[in-house]
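Numbering (UniProt numbering) for the sequence shown: 1 to 444.
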Amino acid sequence: MDDEYAKFVRRMNPPRVVIDNDSCEDATIIQVDSFNKHGILLDVVQVLADVNLVITKAYISSDGVWFMDVFNVIDRDGKKIRDKDIINYIQIRLESNASFVPSMTDSVGVTPSEEHTLIELSGTDRTGLLSEVCAVLADLHCNVVNAEIWTHNARAAAVVHVTDETTGCAIKDPARLASIKELLCNVLRGNNELKAAKMTLATSGVTNRDRRLHQIMFADRDYERVGRAELRRVEDKGSRPQVTAFDCSQKDYTVITMKAKDRPKLLFDIICTLTDMQYVVFHGMVNTGRTEAYQEFYIRHVDGVPISSEAERERVVQCLEAAIERRASEGLELQLCTDDRVGLLSDITRIFRENSLSIKRAEISTKGGKALDTFYVTDVTGNPVDPKMIDSIRREIGQTILQVKCNSTPPPPKSPQGTTMGFLFGNLFKARSFQSLKLIRSYS
Numbered sequence: 001m002d003d004e005y006a007k008f009v010r011r012m013n014p015p016r017v018v019i020d021n022d023s024c025e026d027a028t029i030i031q032v033d034s035f036n037k038h039g040i041l042l043d044v045v046q047v048l049a050d051v052n053l054v055i056t057k058a059y060i061s062s063d064g065v066w067f068m069d070v071f072n073v074i075d076r077d078g079k080k081i082r083d084k085d086i087i088n089y090i091q092i093r094l095e096s097n098a099s100f101v102p103s104m105t106d107s108v109g110v111t112p113s114e115e116h117t118l119i120e121l122s123g124t125d126r127t128g129l130l131s132e133v134c135a136v137l138a139d140l141h142c143n144v145v146n147a148e149i150w151t152h153n154a155r156a157a158a159v160v161h162v163t164d165e166t167t168g169c170a171i172k173d174p175a176r177l178a179s180i181k182e183l184l185c186n187v188l189r190g191n192n193e194l195k196a197a198k199m200t201l202a203t204s205g206v207t208n209r210d211r212r213l214h215q216i217m218f219a220d221r222d223y224e225r226v227g228r229a230e231l232r233r234v235e236d237k238g239s240r241p242q243v244t245a246f247d248c249s250q251k252d253y254t255v256i257t258m259k260a261k262d263r264p265k266l267l268f269d270i271i272c273t274l275t276d277m278q279y280v281v282f283h284g285m286v287n288t289g290r291t292e293a294y295q296e297f298y299i300r301h302v303d304g305v306p307i308s309s310e311a312e313r314e315r316v317v318q319c320l321e322a323a324i325e326r327r328a329s330e331g332l333e334l335q336l337c338t339d340d341r342v343g344l345l346s347d348i349t350r351i352f353r354e355n356s357l358s359i360k361r362a363e364i365s366t367k368g369g370k371a372l373d374t375f376y377v378t379d380v381t382g383n384p385v386d387p388k389m390i391d392s393i394r395r396e397i398g399q400t401i402l403q404v405k406c407n408s409t410p411p412p413p414k415s416p417q418g419t420t421m422g423f424l425f426g427n428l429f430k431a432r433s434f435q436s437l438k439l440i441r442s443y444s
């Protein structure tokens, strides 16, 4: 009965979205007011991430049954959002009563659809792994149309969309899917029998690709610090994200603070991880400095209690650090743009492997018959690549086809004012509490 009543209240009080391009000089302000439910913050942040908006500031409040959030956003060029199609898309998505993000599934595998076959993989990372996977798919007459590959802490995960080379559609033959699964599992497993590759038949349903990668790597426990990865973390301490978790002395919250190098989708990665770990953000703020992002969240577990043990606190910190690091652009960014063809990705990654390049992250896409791929590469030891090696590879592939990406990070916003996050958040509580009262009265 309570569930039905909650659904009725949500239907009667759909989200209200205000998109304002006039109040702020250097950003578009998006305000969302809604009936509260678990996961709504991730729903909102995911919509903004889907259209590649950069969040420079955010204020979050979800006390009681109401959720209120304000975002200052810019595009990747550092400008306000003027495109009416994007504004309409945001408005429609955020004001929809439907849940944007399906619930987390535990399986990793091969899912057929009408347009493509979705393959989800995880295994031990090693130099040349992506090349081997692409070679197997090419041999099996599968064309990779879209993919994203992440590596972190000696683990690798991928979400890949493939089509049949002949028909250009999804692969539905069960025997062929079984063959793809068997061969790819053998490649992913390699010589490591301790952590076998994961690739089983998945249930139906579609989850945001970035969220799925977080879920795959979380399930693979990539947040655990072991061996050489731990040594590098100590050596790179100055550039690592700084995450803390401590009790709030005034109310029963756990306070999470984070400082890291700013980059797109950083807030999404944090909120995605907290949501899938079954934590609720009650209050929060985000502010970006010249090069760093500062975030502070007041959270509880979905059962209503804050973090209760040191072991749980340490696990949350490790998982959030891993969520930040998975998408970190480690290595040199290379962009490939050329006519798409079957086996193209296999040929490109083979050249990288033969020249001892290690692919740390990759985004593969095709549009209008063109392949648009981005690779982040290092040498086999994880160090920067010799420029002479890159020049040689570009000559082999084509100078205009493969290019070294210049720094296109949008102009940084001004440094945040104030001395500490606590000071900023204290003011936020006062301002938002007043707004909360006004909104609640308007609904009653």
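Think of the CB as a built atom: it goes at the ideal place given N, C-alpha and C, for glycine as much as any other residue.
Neighbourhood of residue i by C-beta distance below 6 Å, restricted to the same chain and skipping five residues each side
i, result
"Gln242", "Lys259"
"Phe282", "Ser62 and Tyr298"
"Phe246", "Val255"
"Val342", "Asn143 and Glu165"
"Ala371", "Thr338, Asp340 and Leu344"
"Asn407", "A caution first: Asn407 carries a pLDDT of 44, below 50, which makes its placement in the model too unreliable to give a value."
"His141", "Glu165"
"Phe67", "Ser34, Asn36 and Ile40"
Three-state class that DSSP yields for residue i in the structure shown
i, result
"Arg155", "strand"
"Thr381", "coil"
"Glu325", "helix"
"Gln318", "helix"
"Met421", "Note that Met421 has pLDDT 45, beneath the 50 cutoff, so the model's placement of it is unreliable and the number below is only indicative. Three-state DSSP puts Met421 in a helix."
"Val286", "strand"
"Ser96", "coil"
"Ala170", "coil"
"Asn355", "coil"
"Asp210", "helix"
"Thr349", "helix"
"Ser62", "coil"
"Ile307", "coil"
"Thr117", "strand"
"Thr273", "helix"
"Lys57", "strand"
"Asn88", "helix"
"Asn186", "helix"
"Asp43", "helix"
"Ile81", "coil"
"Asp69", "strand"
"Val136", "helix"
"Glu312", "helix"
"Arg395", "helix"
"Arg240", "coil"
"Arg221", "coil"
Residue i, buried or exposed, once every other Cβ within 10 Å from all chains shown has been counted against 16
i, result
"Lys360", "buried"
"Pro387", "exposed"
"Gln399", "exposed"
"Asp85", "exposed"
"Ser346", "buried"
"residue 481", "Nothing can be reported for residue 481: it is not among the residues displayed for the chain, which extend from 1 to 444."
"Ser34", "buried"
"Arg82", "exposed"
"Pro15", "buried"
"Ser309", "exposed"
"Gln417", "Residue placement at Gln417 is poorly supported in this model, since its pLDDT is 44, which falls under 50; the coordinates still yield a value, given next. The residue is exposed, with fewer than 16 neighbouring Cβ atoms inside 10 Å."
"residue 515", "Only positions 1 to 444 of the chain appear in this structure, which leaves residue 515 out of reach."
"Asp20", "exposed"
Residues sharing a beta bridge with residue i, DSSP
i, result
"Cys337", "Leu372"
"Leu402", "Leu336"
"Cys142", "Asp164"
"Tyr253", "DSSP lists no partner for Tyr253."
"Ala147", "Val160 and Ile364"
"Lys261", "Glu292"
"Ile299", "Thr254 and Val281"
"Ala245", "Ile256"
"Asn52", "Paired residues: none, contrary to the question."
"Ile74", "Val54"
Beta-carbon contacts of residue i that lie in its chain and below 7 Å, excluding the five residues immediately before and after
i, result
"Glu312", "none"
"Val136", "Leu183, Leu184 and Val187"
"Glu396", "Ile351"
"Phe423", "Residue placement at Phe423 is poorly supported in this model, since its pLDDT is 42, which falls under 50; the coordinates still yield a value, given next. Same-chain partners within the cutoff: there are none."
"Met104", "Note that Met104 has pLDDT 37, beneath the 50 cutoff, so the model's placement of it is unreliable and the number below is only indicative. For Met104, where only same-chain residues beyond five positions count, the Cβ hits under 7 Å are Gln215 and Asp276."
"Glu25", "none"
"Val380", "Thr127, Ser356 and Ser358"
C-beta neighbour in chain B for residue i, strict 9 Å
i, result
"Arg16", "The chain labelled as chain B is not found in the depicted structure, where only one protein chain is given."
Same chain, Cβ closer than 8 Å to residue i, five either side skipped, listed in chain order
i, result
"Leu320", "Pro241, Val243, Ile256, Met258, Ile270, Thr273 and Leu274"
"Gln278", "His301 and Val302"
Would you mind listing the beta strand (DSSP E) stretches within the region 8-39 that are 3+ residues and don't spill past its ends, in chain order?
Whole beta strand (DSSP E) segments, 3+ residues: 16-20 and 28-35.
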